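Undergrad: Protein chains in written order, with UniProt numbering: chain F, 1 to 195; chain X, 1 to 163.
Where a beta carbon is used, it is the ideal one built from N, C-alpha and C, also for glycine.
Remember, predicted model here, so these are calculated numbers, not experimental data.
#1: In the DSSP assignment, find the unbroken alpha helix (DSSP H) run with residue 134 (chain X) in it and report its ends.
#2: Just by C-beta distance, which residues in the region 119 to 142 of chain X are closer than 9 Å to chain F?
#3: Which of helix, strand or coil does DSSP assign to residue 1 (chain X)?
#4: Under 7 Å between C-beta atoms, does residue 1 (chain X) make it to chain F?
#5: Listing by chain order, which chain F residues have their CB less than 8 Å from the CB of residue 37 (chain X)?
#6: Look at the alpha carbon of residue 1 (chain X) and the alpha carbon of residue 121 (chain F), and state the distance between them as a whole number of angstroms.
#7: At the 7 Å Cβ level, is residue 15 (chain X) part of the contact set with chain F, yes or no?
#8: Using only alpha-carbon positions, find the residue among X:68, X:61, X:109, X:78 that is nearest to residue 75 (chain F).
#9: Does the beta carbon of residue 54 (chain X) sit closer than 7 Å to a beta carbon anywhere in chain F?
#10: Mind checking residue 92 (chain X): buried by the 16 CB within 10 Å criterion, or exposed?
#11: Flag residue 136 (chain F) as yes if its beta-carbon sits less than 7 Å from any beta-carbon of chain X, otherwise no.
#12: Quick check on residue 182 (chain F): buried or exposed, where buried means 16 or more other Cβ atoms within 10 Å of its Cβ?
#13: Find out if the Cβ-Cβ distance for the pair residue 139 (chain F), residue 168 (chain F) is shorter than 7 Å.
#14: Under 7 Å, Cβ to Cβ, is there at least one residue of chain X near residue 2 (chain F)?
#15: Along the beta strand (DSSP E) that carries residue 99 (chain F), what are the first and last residues, could you check?
#16: Assess contact between the region 39 to 46 of chain X and the region 29 to 39 of chain F, defined as three or more Cβ pairs (one per stretch) separated by less than 8 Å. Is contact present?
#17: May I have the straight-line CA-CA distance separating residue 131 (chain X) from residue 141 (chain F), to the nearest angstrom?
#18: So, are the CB atoms of residue 64 (chain F) and residue 161 (chain X) less than 7 Å apart?
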């Protein structure tokens, strides 16, 4: 859950990027990092294996500016997507304020996407959260590749509750900020309601 | 919810800072900071400008979470103290009041024994303050008293963040 500091007039929120292995979660964060002004971002930390697969998490602190006199900071995390890192994924969901599910649009990754959404739902329940009640958006990544499913097909399987969803190509940055902005907005509105 | 929202008020913030500043002096430490278990930095004192405290905070929370996972695997609730010894600098990490992490960075000017001793005393004081803080938040919530700064937030306010 978010941390509101009335003394230093700051509000901190935690966003977690979830999805199957190699779907582009780290690439999303790298693009945000590259495109953010130096004064607005902290260091990006990646705990990765030698082959650049995320081992524990990636972390990127972003200071987005002020709302009503409060400095607003978002802490962006990714989880390791590979199936066997489930213990790490559970830990990173602790205290989450909003989730981005990054789906791989390629036809052959559909099963992995479905498995990952189910895993997200289960791991959230273990932490006391309900996916249908927390700020949640879906990103259909890799729209630039040839063997992809249509957005309608992806939506049917991965977004039955019709949360905000976005087409993206994280390597070029298309859809990356739209996704982040949407989840940040949902979090702030959730906070407004005093949840 | 598994972990209630942490809200910090002026009065308690000053008290917390006074406790960790005293700990910094008495333990001869270089830096002390407090982190929420979710990885958010609450406050710090000492040579904080020399270190990337935001990253330290997130990694410390990750470390505590991972160690907590290890503890559960062997049938422990959690490990309440972690110690990392380096060539020059050492980290003493402990859990306070069940949800806050106290990190003490110290070098050869101090010792593990001294740090442990002083941390124990400071932890009791911090636990009492955090206890009051939680109570205060609950009372405010129950009475329906809302001083939340985002109550009047608009779409434009949020859009402006990303412009």
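TA: This is what the structure holds:
#1: Its alpha helix (DSSP H) spans residues 112 to 142.
#2: Answer in chain order: 141.
#3: In this predicted model, residue 1 (chain X) has a pLDDT of only 45, less than 50, meaning its place in the structure is not dependable enough to derive any value.
#4: At residue 1 (chain X) the pLDDT is 45, less than 50, meaning the model places this residue with poor confidence; the figure from the coordinates comes in the next sentence. So yes, residue 1 (chain X) belongs to the interface.
#5: Those within 8 Å of residue 37 (chain X) in chain F are 94, 95.
#6: The pLDDT assigned to residue 1 (chain X) is 45, lower than 50, so where the model puts this residue is not dependable; a value taken from the coordinates is nonetheless given after this. Cα atoms of residue 1 (chain X) and residue 121 (chain F): separation of roughly 15 Å, rounded to the nearest angstrom.
#7: Not closer than 7 Å to any Cβ of chain F, the Cβ of residue 15 (chain X) fails to qualify, so no.
#8: The residue with the shortest Cα to Cα distance from residue 75 (chain F) is X:61.
#9: Yes, because at least one Cβ of chain F sits closer than 7 Å to the Cβ of residue 54 (chain X).
#10: Residue 92 (chain X) counts as buried, since no fewer than 16 other beta carbons sit within 10 angstroms of its beta carbon.
#11: In terms of beta-carbon proximity, residue 136 (chain F) stays away from the interface with chain X, with every pair separated by 7 Å or more.
#12: Counting Cβ neighbours within 10 Å, residue 182 (chain F) comes out buried, since at least 16 surround it.
#13: Taking 7 Å as the cut-off, the Cβ atoms of residue 139 (chain F) and residue 168 (chain F) count as close.
#14: Cβ-Cβ to chain X under 7 Å: yes for residue 2 (chain F).
#15: Judged by DSSP secondary structure, residue 99 (chain F) falls within the beta strand (DSSP E) whose first and last residues are 98 to 104.
#16: As far as the Cβ criterion goes, the region 39 to 46 of chain X does not touch the region 29 to 39 of chain F, which means the pair count is below three.
#17: If you take the alpha carbons of residue 131 (chain X) and residue 141 (chain F), they lie about 45 Å apart.
#18: One thing to note: residue 64 (chain F) has its Cβ within 7 Å of the Cβ of residue 161 (chain X).
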